[in-house]
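Contents: one structure, followed by commentary.
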Amino acid sequence: MRRPLVAGNWKMNGSRESIEALLDGIKSGLGRVTAIEVVVGAPAIYLSDLQCQLQGTAVAWSGQDLSAEAPGAYTGEIAASMLLDFGCKYVIVGHSERRAYHGESDQLVAKKYAAARAAGLVPILCIGETLEEREQGITEKVVARQLNAVIELEGIAALADGVVAYEPVWAIGTGKTATPEQAQDVHAFIRGIVADKDAVVADGLRILYGGSMKPDNAIELIAKQDIDGGLIGGASLKAEDFLAICSAAN
Ligand code: PGA
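Going letter by letter, the sequence shown gives residues 4 to 253 in the numbering used here.
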């Protein structure tokens with residue numbers, strides 16, 4: 004049985020004040036949610052605040068990106084060991100915003116995945132097609148290419164230590180959610196790629212859906228056989244909405 008995971012991705016939002024209030028809201032409302040794992044991903048500069056506020060609670064915290072390199076002369080970058088130093092359990096890698104605005108290639112994302120894993124962090128690998136790619140009918144080709152970059156670099160065993168998030172780019176922050184059937188199709192395809200190489204790894208792999216997941220669509224999405232939780236952007240910024248999604252997954 005795969006334990007569902009609900010991960011918040013705050014992106015570049017919040018202040019010390021708003022984050023404190025958000026965490027208070029999440030912590031106080033999470034009491035009955037025990038069957039799933041809950042994670043929040045904050046801008047790196049707030050991770051020490053998260054460590055102070057979440058230590059000893061059921062909520063884990065996550066970085067949103069990391070460097071593929073070991074500590075050294077890389078101004079502005081954050082190494083895996085530094086995220087670990089602040090108690091992160093997870094780190095998001097290859098989010099479509101990183102791929103689009105920072106030119107991250109499949110190969111760089113694979114290296115970041117490897118760096119996270121080597122440090123003992125759990126990478127959340129984001130993959131997904133753009134609207135143009137979906138309209139061209141190459142969704143499967145795109146997600147296979149993004150996933151295979153990690154498998155080629157690290158071997159299939161690498162996916163035993165990570166999480167995959169399927170995030171169709173056209174659904175992120177747009178209010179246009181993939182239908183549960185559309186999402187399930189791609190999730191099953193992703194699990195199939197892994198199963199071709201290792202059935203046990205495929206069976207244990209958690210594949211999250213991300214892209215305008217909200218309290219009112221979370222139940223239907225997470226009810227699908229191959230959807231093991233969500234990576235939540237906008238709705239993770241309101242404690243009430245995030246908690247409602249956690250309850251749905253629970
Ligand atoms: P969204 O973002 O829920 O606001 O669509 C999801 C994500 O980018 O991880």
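Note that beta-carbon positions come from the ideal geometry of N, C-alpha and C, so glycine has one too.
- Residues Ala-251 of the same chain have their beta carbon placed closer than 7 Å to that of Ile-222, with the five preceding and five following residues left out of the count.
- Three or more beta-carbon pairs separated by less than 8 Å link the segment 25-39 to the segment 236-247, which places the two stretches in contact.
- Under DSSP, the beta-bridge partners assigned to Gly-66 are Val-94.
- Distance check between Ala-122 and each of Ile-159, Ile-81, Gly-232 and Glu-135 places Ile-81 closest, using alpha-carbon atoms only.
- Per DSSP, Arg-137 has no beta-bridge partner at all.
- Annotation for Glu-80: no alpha helix (DSSP H) segment contains it, and DSSP assigns it neither H nor E.
- Taking 8 Å as the upper bound for CB-CB distance, Trp-64 and Val-96 are not in contact here, some 16 Å apart.
- Using a cutoff of 7 Å, the CB of Ile-154 does not count as near the ligand PGA, since none of the ligand's heavy atoms is closer than that.
- Per DSSP, the continuous alpha helix (DSSP H) segment holding Arg-194 begins and ends at 183-200.
- Remark: C-beta atoms of Asp-109 and Gln-149 approach each other more closely than 8 Å.
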